[in-house]
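Spelled out as C-alpha cells, the structure:
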C-alpha cells in the first residue's frame, strides 16, 4: 500500500494526472538548489569564505537524496521486472538509477584516499541531469521529441553535410596557411579549430587567416556557415509545424471528413 | 465629459479605432525624443559642450510628462476600480503608472543630496519602456503575443535544454582547463562566461580553451550552439505559421465547411 | 518604331516574356564587370601596377553606359508621363534614372578641380545598385517582396523590440561598467557599440565587460540575442510558407472546392 | 553473371532495396577510416611519432581502393554507355570516377620527383567527398534536394541581396575608415574581409572600425546580418514544410478526394 503510493509519487510515468507529482516537484527544486550550490562551490573565492557552510549544505542535500534513492529503490518493486533482490540489482544498474547516483556518490568518493577533485565537482554539477528524467514527462517534451524523431534522417544528413564542409574548409586552409601560421594551421586537426569556429559563426578570432587566398576561402566558409545554420533550423521549423498542426487540427479534420462521408 | 474624452484619448485600449489616438501618437514622439536626449546626455563630450541646453530640454520634457501624468491620473477615474482617492492611490501603484513615473522622477531625484548619477541617467534612458505600453495595442503585437503564448511551454523547454547544455559545457571546460587558465576557467561560474558566449554563437574570443581536449569540448559546444539557435527559431516559425494561417484562412474555411455541410 | 523596340528592350516591365530582354542581360553583365573593376581599382597595389589600364577600361565602360543612358532617355518618350522635353526632365530626376547616373557621373566629376577621391570611388562601386532595378522583375523577387510586405508590421515590431533590448542592455552596461572601462562604456552611445555586437551575435570581442555584474548582464543580452534572431526568422519562415502555398496550391484547392460544391 | 552482381552491389542506384548494399556500406566505413588517417597524418607530432605506420596503413587503404576501382571499372560494362574499351575510357573520365581517383592517386603521385606535399595531403583528405556519391541515395537527401531545388530562385536571390549588402557595407567602410586604418580598410577588397565577417555574424574581431561613423555603419551592417541569416532560413523552412507535407499527406488527400467524388 505504502509502496504503491510511493511508486505513484516517485515514478513520473505512474502519476495519473498530467505534469509531476507533488513529491517530484519538491525533488526538482532540491536538484536545482543542490546543483546551484555545486556550481557556486567551484568558485575558490566563495569556497574559501565559508568552507564549512558548503560542506554542511552538501551533507544535508546528500542525506535528502540518499533518502529519496532508498525510497525509489523500495518503490521500484511495484514494477514486475524490478521485483525481488535480482530485480533491485537490475534497477540499480538501470540508466536513470545510475544518473541518480551522481547526486550522492561524489560526497562519499571524496573520502577515498585517491580522488580527482575536479571530476568530483563536475559530478556534483551534473546532478542537474536528473532533471532530464522528470522533464521528459512534460507535454512540451513529447512535441519536441516527436519533431526531432520524425526528421532525424534529415537532421543527421545536415550534420553530415556540415561535417563534410568542416573538413573541406579545414583542408583548404591547411594547404594555404600552413606555411605562414604553423601553430594554428599546421595540420588539418589544428585547422579544424578555426573551421568549426567559423562555420558555426561563433568566430572567436583567436586564429584568423592572414594570406589573401586564405581570406577568400574563409569568406566562402563564413557564407557556407549561414547554410549550416539555416538547414537544421528550416528542417526543425517544418517538423514543428507538422507536429503542432497534427496535434491541434487532427480532431477537427477527422470530424470534417466524417461530415463528408456521411 | 472632459474626463471621458481625456480617458478615450489617453488610454490606448479605450480608443475606438484601431491604432493609437492622436494624443498618444504625440506622446510616442515625445518619449522617443526624450529618450534620445537622455542617451546623448550620457556622452561626456556632448554634455560638457552644452550642459545648460541639456538641462533646459530635460526640464521641458519633464513638464510635458508631468502634465500628461496628471491628465492620466485624472482620467483614470473613468474606470470603476480607479475611482475616488483610494482608487487613485491604487492607480499610482499600478504597473504602467509606475513605469510612467520613470519619465518624471529622475529629474526631481537629482535635487536630493544623496543620489547615484548613473542610476538616474539609466532611469531617464529607460523611459523608452513607456513605448511598450502603447505598442501593446498594435495588431502586430497581438499576433506575436499569441504565437509566444501558444508555444510558451515548448519555448521554456528549449530554454531549459539550453540551460542544461550551458551548465554541462561549463562543467566540462572547468575540469579540463582550470589547471591551465585559472583566471578564465577556475570555477564553473567563470567558465559559464565562455560557455554562454560560445553557445549563443556570440564568440567574443576574450577567453578560449588552449588544451586540445578543451578545444574538442569547445567544438562540440559550438555545434550544439546551432541547435540552441535552431530550436526556438523553429518553434517560433511553426507558431507564427499557425497564428497567421488561423487569422487569414479561418473565415474562408468556416465558409467552406458550411458549403459541405449544407 | 525604333523607339518602341528600344523601350521594350530596355524597360524591364515592358518586355512581354518573363525574365529579362537580351539587351538588359548584356547590361547586367556590363554592370557586374564595371563594378568588379571599380572594386579592384580601390586596391592601391593593383591600381599602381597598371593605372592607365584601369583608366582605359573605365573609359570604355562609361562610354557604353553613356550610350545606354541616351537610349533610355530617348525610349522613355514611349511612356506618356515622360513625353516631351518637360517629360524627359522629369525622367532624368526619377529615382532609377538618378541611380543610372551613378554609373557615368563619377568619371566626369573626377575632372573637376575639387573632388573627394573616396566618394568618387564609392559611387563607382555603387553602380552595382543598378542591378536592383533589373532584379525586381524576377519571379523570385515578387515572392520575397510579397512575404516581406504581408508581414511588414510584425517585422517592424520585432525591429522595435530589438531596438528596445539594445537600449536597455546598453543602459545597464553603462551603469555597471562605466567606472571601470570609461573608454568603452563611458556613455550609452558608446555602450551601444558593444550592445549591438552582442545582440546580433556578431561578438567582435574588442570590447567586453570585465565586472562580474557586467558579465551577468552581458550573458542575459547574449541569450536575448537568440530571440532577436529567432523572431524575424520565424516571421519570415511563416510568411514565405504562406506565399509559397498560396501560389502553388491555390488553383488545386479552388478546383477541389468546385468538386465538392457540384 | 559476376559482373551483374558486382554492378548491383557497387552502383548505389542499381541496388534493388532502399539504402546501400552491404559492399557499399563497407566502402563507406573504409572511406571514413582512410579520411580520418589522412587527417591525422597531417599533424606533424603524430606523423613523426610513427611515420612507417602511417605509410603502411595508407598502402593498405590504397590497395583496397585500387581493387574497388578495378571492380567498378569492370562492373561499369553493365551500363550500355560504358560498354567496350571506349565506354570504359568514358567511364574513367566521368565525374564520380574522377572523384574515386582522389582516393588512390595521391599515393602514387608522391613517388614523382616533383610534387607538392600539401596538395597531396589535401587530396587524401578530400577522399571523404566520395561519401557524397553514396549519400545521394538516402531518402533524406531527396527531400533536402527537392526543397533546395524548388526554391533555388529565391535562395539565389537572397544570395544576390547578401552580395549587394556585402559590397555596399564594404564600400561605406572603405570611405570612412581608409584614412585611419589603411591596412584593414585601405581598399574595398580589404574591407570585404571585415564586411563578410560582420554580415555572417562570425565577427572575428581582428579588424573593427574605430571612427564613430564607421561604428554606425558597422552597427547597421550587423543588424542587416540578421536579415541575411533570416531570409535563407525562412525560405528553407517554408520549402521543407512544403516537401514534408506533400510527402506525408498526399496519399491521404488523394484518398479523401476520392471519397468526395464518389
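Residue numbers (our numbering), protein chains in the order written: chain V, 40 to 301; chain P, 40 to 301; chain U, 40 to 301; chain E, 40 to 301.
Using N, Cα and C, we set each Cβ at its ideal position, and we do this for glycine too.
*Can residue 261/E and residue 235/U be called in contact, C-beta distance under 8 Å?*
As a first step, residue 261/E is located in the fourth chain; it is residue number 222 there, counting from the start. As a first step, residue 235/U is located in the third chain; it is residue number 196 there, counting from the start. Yes; because the gap between Cβ atoms is below 8 Å, this pair is in contact.
*Nearest-angstrom Cα distance between residue 142/U and residue 162/U?*
By 1-based counting over the third chain, the position of residue 142/U is 103. By 1-based counting over the third chain, the position of residue 162/U is 123. Near 8 Å, if we compare the C-alpha coordinates of residue 162/U and residue 142/U.
_Test: residue 93/V CB closer than 8 Å to a CB of chain P_ = For the purposes of this step, residue 93/V is taken as residue 54 along the first chain, with counting starting at 1. Output row for residue 93/V: interface = no.
*asked:* Comparing C-alpha positions only, which one of 227/P, 204/P, 205/P sits nearest to residue 215/P?
replied: As a working note, residue 215/P is residue 176 in the second chain. Nearest of 227/P, 204/P, 205/P to residue 215/P, Cα basis: 227/P.
_Outcome for residue 297/V when other beta-carbon atoms lying within 10 angstroms are tallied against a minimum of 16_ = Your numbering for residue 297/V matches position 258 in the first chain. Residue placement at residue 297/V is poorly supported in this model, since its pLDDT is 37, which falls under 50; the coordinates are not used for a value here.
*asked:* In chain order, what are the residue ranges of uninterrupted beta strand (DSSP E) at least 3 long that sit wholly in the stretch 56-136 of chain P?
replied: Assignment of beta strand (DSSP E) within the stretch 56-136 of chain P, counting only whole runs of 3 or more residues, yields no such run.
_the stretch 204-223 of chain V contacting the stretch 240-260 of chain V, beta-carbon criterion three pairs below 8 Å_ = yes
*For the stretch 267-274 of chain E and the stretch 178-188 of chain V, state whether three or more C-beta atom pairs, one from each stretch, are separated by less than 8 Å.*
As far as the Cβ criterion goes, the stretch 267-274 of chain E does not touch the stretch 178-188 of chain V, which means the pair count is below three.
*Could you pull out every residue in the same chain whose Cβ sits closer than 7 Å to the Cβ of residue 86/P, ignoring the five residues on either side in sequence?*
Position 47 of the second chain, counted from the first residue, corresponds to residue 86/P. Once the five neighbours on either side are set aside, the close Cβ partners of residue 86/P are 80, 93.
*Is there contact here, the stretch 195-214 of chain P with the stretch 163-182 of chain P, by at least three beta-carbon pairs under 8 Å?*
No, the stretch 195-214 of chain P is not in contact with the stretch 163-182 of chain P.
*At a Cβ threshold of 8 Å, is residue 179/V touching chain U?*
Stepping through the first chain from its first residue, residue 179/V is reached at position 140. Answer no: the Cβ-Cβ gap between residue 179/V and chain U never drops below 8 Å.
*chain P contact residues for residue 267/V, given Cβ-Cβ distances below 8 Å*: Position 228 of the first chain, counted from the start, is the residue given in the question as residue 267/V. Going along chain P in sequence order, the residues near residue 267/V (Cβ under 8 Å) are 265.
_Of the residues 193/P, 109/P, 251/P, the one placed nearest residue 82/E, counting alpha carbons only_ = On the fourth chain, residue 82/E is found 43 positions in, with the first residue counted as 1. Nearest of 193/P, 109/P, 251/P to residue 82/E, Cα basis: 251/P.
*Name, please, each residue of chain U whose Cβ falls closer than 9 Å to the Cβ of residue 276/E.*
What you label residue 276/E is simply residue 237 of the fourth chain in a count that begins at 1. The answer, in chain order, is 272, 273, 275, 276, 277, 279, 280.
*Do you know how far the Cα of residue 128/U is from the Cα of residue 166/U?*
Within the third chain, residue 166/U is the residue found at index 127, counting from 1. Within the third chain, residue 128/U is the residue found at index 89, counting from 1. So the two alpha carbons sit approximately 22 Å from each other.
*asked:* So the candidates are 108/U, 110/U, 109/U, 133/U; which of them puts its Cα closest to the Cα of residue 120/U?
replied: Walking along the third chain from the start, residue 120/U turns up at place 81. Relative to the Cα of residue 120/U, the nearest Cα in the group 108/U, 110/U, 109/U, 133/U belongs to 133/U.
_Using only the alpha-carbon positions, how far apart do residue 237/U and residue 205/E sit?_
As a first step, residue 237/U must be located in the third chain, where it is residue number 198. As a first step, residue 205/E must be located in the fourth chain, where it is residue number 166. Those two C-alpha atoms are separated by around 20 Å.
*Excluding five sequence neighbours on each side, which residues of the same chain lie with their C-beta closer than 8 Å to the C-beta of residue 67/U?*
As a first step, residue 67/U is located in the third chain; it is residue number 28 there, counting from the start. Cβ within range, chain order: 59, 170, 173.
*Mark residue 281/E as exposed unless 16 or more other C-beta atoms lie within 10 angstroms of its C-beta, in which case mark it buried.*
For the purposes of this step, residue 281/E is identified with residue 242 of the fourth chain, where counting begins at 1. Answer is buried; the Cβ neighbour count reaches 16.
*Which full runs of the alpha helix (DSSP H) of 4+ residues lie inside the stretch 183-250 of chain E, going along the chain?*
191-216, 221-224, 227-238
*Mapping DSSP to helix, strand and coil, what is residue 175/P?*
Position 136 of the second chain, counted from the first residue, corresponds to residue 175/P. Three-state result, residue 175/P: coil.
*So with Cβ pairs under 8 Å, would you call residue 294/V a contact of chain E?*
Taking the first residue of the first chain as position 1, residue 294/V is located at position 255. With a pLDDT of 38 at residue 294/V, under the threshold of 50, the predicted position of this residue should be treated as unreliable, and no value is reported.
*asked:* According to DSSP, is residue 40/U part of a helix, a strand, or is it coil?
replied: The residue labelled residue 40/U in the question sits at position 1 within the third chain. In the three-state reduction of the DSSP assignment, residue 40/U falls in the coil class, being assigned neither a helical nor a strand state.
*Straight-line CA distance for residue 158/V to residue 164/V?*
Sequence index remark: in the first chain, residue 158/V carries index 119 (1-based). Sequence index remark: in the first chain, residue 164/V carries index 125 (1-based). Each residue's Cα considered, the two are about 10 Å apart.
*Use the C-beta contact count for residue 99/V: other C-beta atoms within 10 angstroms, 16 or more gives buried, fewer gives exposed.*
The residue given as residue 99/V occupies position 60 in the first chain. Under this definition residue 99/V is an exposed residue.
*Compute the Euclidean distance between the alpha carbons of residue 268/U and residue 264/E, then round it to the nearest angstrom.*
The residue given as residue 268/U occupies position 229 in the third chain. The residue given as residue 264/E occupies position 225 in the fourth chain. Distance from the CA of residue 268/U to the CA of residue 264/E, rounded to the nearest whole angstrom, comes to 10 Å.
*Got a sec? Which residues, its chain only, sit under 8 Å from residue 294/P by beta carbon, not counting five neighbours each side?*
Indexing the second chain from 1 puts residue 294/P at position 255. Because the pLDDT of residue 294/P is 38, which lies under 50, any placement of that residue in the model is unreliable, and the number read from its coordinates should be weighed accordingly. Result list for residue 294/P: empty, nothing under 8 Å.
*By a C-beta neighbour count over all protein chains shown, 10 Å radius and 16 as the cutoff for buried, is residue 41/V buried or exposed?*
Mapped onto the first chain, residue 41/V falls at position 2. It counts as exposed.
*Name the chain U residues that come within less than 8 Å of residue 253/E, Cβ to Cβ?*
Here residue 253/E is taken as the residue at index 214 of the fourth chain, counted from 1. By Cβ distance, chain U contributes nothing, its closest Cβ being about 10 Å from residue 253/E, past 8 Å.
*Taking C-alpha atoms, which residue in 124/E, 126/E, 180/E, 103/E lies nearest to residue 146/E?*
Locating residue 146/E in the fourth chain gives position 107, counting from the first residue. It is 103/E.
*Report buried or exposed for residue 283/P, applying the criterion of at least 16 other Cβ atoms within 10 angstroms of its Cβ.*
As a position in the second chain, residue 283/P is number 244, starting the count at 1. Flag for residue 283/P reads buried.
*Helix, strand or coil: which one does DSSP assign to residue 141/P?*
Along the second chain, one-based indexing puts residue 141/P at 102. Note: residue 141/P maps to coil in three-state DSSP.
*residue 161/V at chain P interface by Cβ criterion, 8 Å*: Position 122 of the first chain, counted from the first residue, corresponds to residue 161/V. It does: the Cβ of residue 161/V has a partner Cβ on chain P nearer than 8 Å.
*Could you tell me whether the Cβ of residue 199/E comes closer than 8 Å to any Cβ of chain V?*
Within the fourth chain, residue 199/E is the residue found at index 160, counting from 1. Chain V contact via Cβ: absent.
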